[in-house]
Structures are given as C-alpha cells and as structure tokens.
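Just below is one structure, and these are the notes that go with it.
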Amino acid sequence: MNASQDLFKQINNAVLDLQSSDLQSYPAPLKRLGKLLQHNDLQTYNTSLSENVQLGEFIAASERTQGSMVGSAQLNWPDGDIEILGLKLLLIIKFCDDPRYMADFGFTFYSAGRMKIMSGVHSVTSQIIIPFVRDYKAYVESQGNIIPRLVLPMSNKVFIVHGHDGEVRESVARFLTTIGFVPVILNEQANRGRTIIEKVEANADVGFAVVLLTPDDLGRAKGETDLEPRARQNVLLELGYFMALLGRDKVCALRRGNVSVPSDFAGVVWETMDDAGGWKPKLARELQAAGHSVDVSRILG
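Take the sequence shown: its position 139, counted from the start at 1, is 119 in our numbering, and no numbers get skipped.
Structure representation (structure tokens):
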C-alpha cells in the first residue's frame, strides 16, 4: 500500500501546517488536506465510511445542546466507531470546502469564552482532525476493519523440542542465546509433579519453536523388513503441538542425518543440520520471517 502510505505522509504534513498556521494562512493547508482526503485511492474507503451518515442531523442535534454560555454546545457523537469516523470525514471535508465554517464551528463547540478565531481553529485541529487522521489511517491500512483486538508482544523465548542427541540440542541452544533469544529446554524446567505434556503446556509461552529431528529410533511399516531411522515419538507429538499452538510459520525443524519424516507434517520448514553450521543463518532467517528481530552481526560472529 505504498500509494496510501505516501498519501498519509502528505496528509500529516498538511495537518502539521494547519497546527502552526495563523488567521491568514490556515485556509491553504486546510484546502490541501481536503484534496488529499478525497484522493481517488481513498474513494472506496470514503464511500464505505460515509454511507448512511447524516452529517446535517448530527450538526443540528449538537447545536441544540447550546446553553446560555458561549461555547457550551456539546457534539452529539454516536456510539459506533465507524459512524464517528464517517461523521468526522464529512465534517472535515466541509471545513476544507469552507474554512470560515471551521472557525465558526470551533467558536460554537470549543471556544470556552475565548473570542479569537484561531483558538477555535486550533481546537478543532487538535480535538477532531488529528484523532481522525490517526484512526482513518488505521482504518485504511486494515482494509476497513477497525475492530480492536489484543496484540500480545512477541516473546523472545524459543522452545527446543529434542530427542536423545544432547550435542545437537546444546549447539542450537548456544546459537539461540548468541543471537539474543532465550532457549527453553523441557528437561531443564522444574517438574512440580506434572506429566510431560503438562510441562510442555506450562512452558509453551514462547514465540517460536525449533524441533530437532535426530535419528534416535528405528522403525518400519507393517509388512516391510528394513528398519529406517526415525525421530522419537515425543518429538513428533511436540512438533504437532507447536504447529497448532504457534502456527507453521513459527516452527522450524532441523533434521540431522537421514531421518524419516511423516507426510502429515508437510508444510513445516525443514532445514538440514550440517556440521559446517550452514543451518544457523537459515534458522535466523526463519526467525526473522516470523517477525523477530535478529542481529546479523551476531550470526556472522
């Protein structure tokens, strides 16, 4: 959305100019703001926001709250966030078409007894225009969805699922520590009377999981005679658990040697764990792709 991002940079500049304007200069950035808000790239969002919004009724209802004191009128905002955003959009466009109306509006609703025109203009800018631009940008960037949702900070803890190969486990743990992550190894956590799966659940507050597929077991399908190297069953169980918990994009499997991988785990990133350390930048790349910040200089070091 490069075009809209550039538009919002220009919109922000227009608002900054409006904030610092005086009586003679404020109409210019206001009119520029109006043109930017009505840009072709924003028409789809504007149509959606202004649909069924009655600006005239809103202004009339708000003006009826005027008491005996100048500036005592209260804006009669509705409850819905989308409707409020639509009203602000139409109101700001009205200001841009008629800068004098913005001054009168500020005098009616924000003057608090002050008679200076620019006091009202600057109050409208800070109380309506600036919050609108913030929320409008969020609306556009989220493709018309401004329903709030909880976004938790990304944990820098990485769960290491492993089998019997302690050397591989320690190598991965040291590397993760070097590049700024906190490795979580299950057998280093207190048992507290819990089962294995309960320990996994209790320590699953991580942002990423690395699964080490090492040839710890031998197995074969029924009817076959040749045994093949396989990862331990607990490793495959925990691989599936973290795929479901974190999502496939936050799980990376490192495979050492010729290990059979069940077809059910197709879609998970697999990397070969070579002795030369070529797996390290690959793991770092997957961490970056999952949204983590990785210091490249530490990898090279």
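Beta carbons are placed, not taken as given, at the ideal position from N, Cα and C, and that holds for glycine.
Values in this document were obtained by computation on a predicted structure and should not be read as measured data.
Q | Span separating the alpha-carbon of Leu217 from that of His142 | A | Residue numbering aside, residue 217 sits at position 237 when the sequence shown is read from its first letter. Residue numbering aside, residue 142 sits at position 162 when the sequence shown is read from its first letter. When rounded, the distance between both Cα atoms is 11 Å.
Q) Which residues in the same chain as Ile155 place their Cβ atom closer than 6 Å to its Cβ, once the five residues preceding and following it in sequence are excluded? A) The residue given as residue 155 occupies position 175 in the sequence shown. The amino acid occupying residue 155 in the given sequence is Phe; Ile does not appear at that position. Taken in chain order, the residues that qualify are Lys260.
Q: Pick out whichever of Gly36, Ser106 and Phe89 has its Cα sitting closest to the Cα of Thr45.
A: Your numbering for residue 45 matches position 65 in the sequence shown. Looking at the Cα atoms, Phe89 is the closest of the given residues.
Q: Could you name the residues that DSSP lists as bridge partners for Gly60?
A: Taking the first residue of the sequence shown as position 1, residue 60 is located at position 80. Partner(s): none; Gly60 has no beta bridge.
Q. Nearest to Asn26 by alpha carbon, out of Lys96, Arg265, Lys68 and Ala233?
A. Residue mapping note: residue 26 aligns to position 46 of the sequence shown, counting from 1. Nearest option by C-alpha distance: Lys68.
Q: Note down the Cα distance separating Phe112 from Leu3, rounded to an integer number of angstroms.
A: Reading the sequence shown from its first residue, position 132 is the one you call residue 112. Reading the sequence shown from its first residue, position 23 is the one you call residue 3. If I take the Cα positions, the gap works out to 23 Å.
Q) Ala170: which of Gly160, Ala182 and Pro163 sits nearest, CA to CA? A) Residue mapping note: residue 170 aligns to position 190 of the sequence shown, counting from 1. Nearest C-alpha to Ala170: Ala182.
**Q.** Sufficient close CB pairs (3 or more, under 8 Å) joining the segment 208 to 228 to the segment 180 to 199
**A.** yes
Q: Please name the residue, chosen from Phe(-12), Asp185 and Arg236, that lies closest to Asp115 on a Cα-to-Cα basis.
A: Looking up residue 115 in the sequence shown gives position 135. Of Phe(-12), Asp185 and Arg236, the residue nearest in Cα terms is Phe(-12).
**Q.** The beta strand (DSSP E) enclosing Val138, as first and last residue numbers
**A.** Counting from one through the sequence shown, the residue named residue 138 turns up at place 158. First-last of the beta strand (DSSP E) with Val138: Lys137 to Val141.
Q | N-terminal and C-terminal residue of the alpha helix (DSSP H) that Leu166 is part of | A | Within the sequence shown, the letter at position 186 stands for residue 166. Note, Leu166: premise wrong, no alpha helix (DSSP H); not H, not E.
Q) By a C-beta neighbour count over all protein chains shown, 10 Å radius and 16 as the cutoff for buried, is Gly86 buried or exposed? A) Residue mapping note: residue 86 aligns to position 106 of the sequence shown, counting from 1. Gly86 comes out buried.
Q. Closest to Ser135 by CA distance: which of Ala(-6), Asn(-8), His272 and Val(-5) is it?
A. Within the sequence shown, numbered from 1, the residue matching residue 135 stands at position 155. Of Ala(-6), Asn(-8), His272 and Val(-5), the residue nearest in Cα terms is His272.
Q: Please state if the CB of Val138 and the CB of Phe188 are separated by a distance shorter than 8 Å.
A: Reading the sequence shown from its first residue, position 208 is the one you call residue 188. Reading the sequence shown from its first residue, position 158 is the one you call residue 138. Yes.
(Q) Given this structure, state the Cα-to-Cα distance separating Asn(-18) from Asp21, to the nearest angstrom. (A) Residue mapping note: residue -18 aligns to position 2 of the sequence shown, counting from 1. Residue mapping note: residue 21 aligns to position 41 of the sequence shown, counting from 1. In this prediction, Asn(-18) has a pLDDT of 47, which is less than 50 and means its spatial position is unreliable; what the coordinates show is noted afterwards. Answer to the nearest angstrom: the Cα atoms are 11 Å apart.
Q. What are the residues that DSSP puts in a beta bridge with Phe188?
A. On the sequence shown, residue 188 is found 208 positions in, with the first residue counted as 1. Answer by DSSP bridge pairing, in chain order: Val138.
Q. Within this structure, are the beta carbons of Ile159 and Arg149 separated by less than 8 Å?
A. Taking the sequence shown and counting its residues from 1, one reaches residue 159 at position 179. Taking the sequence shown and counting its residues from 1, one reaches residue 149 at position 169. Judged by beta-carbon spacing, Arg149 lies beyond the 8 Å limit of Ile159, meaning their Cβ atoms are not closer than that value.
Q: Compare the C-beta of Pro7 against all C-beta atoms of chain B and say whether one is closer than 8 Å.
A: Protein chain content of the structure displayed is limited to a single chain, and chain B is not contained in it.
Q. Tell me the DSSP bridge mates of Val231?
A. Within the sequence shown, the letter at position 251 stands for residue 231. BP columns for Val231 point to Ala189.
Q. Hey, how far is the Cα of Ala256 from the Cα of Leu207?
A. If you number the sequence shown from 1, residue 256 lands on position 276. If you number the sequence shown from 1, residue 207 lands on position 227. So the two alpha carbons sit approximately 28 Å from each other.
**Q.** Three-state class that DSSP yields for Ser240 in the structure shown
**A.** Locating residue 240 in the sequence shown gives position 260, counting from the first residue. Note: Ser240 maps to strand in three-state DSSP.
Q.
Please classify Glu266 as buried or exposed, where buried requires at least 16 neighbouring CB atoms within 10 angstroms.
A. The residue given as residue 266 occupies position 286 in the sequence shown. By the neighbour-count rule (16 or more Cβ atoms within 10 Å), Glu266 is buried.
Q: For my contact list, Leu29 and Ile73 are in at a C-beta cut-off of 8 Å; report their separation, rounded to the angstrom.
A: As a position in the sequence shown, residue 29 is number 49, starting the count at 1. As a position in the sequence shown, residue 73 is number 93, starting the count at 1. Not a contact, Cβ separation roughly 11 Å.
(Q) What does the alpha-carbon distance come out to for the pair Ser0 and Gly100? (A) To locate residue 0, count along the sequence shown from 1; it is residue 20. To locate residue 100, count along the sequence shown from 1; it is residue 120. Rounded to the nearest angstrom, the two C-alpha atoms are 13 Å apart.
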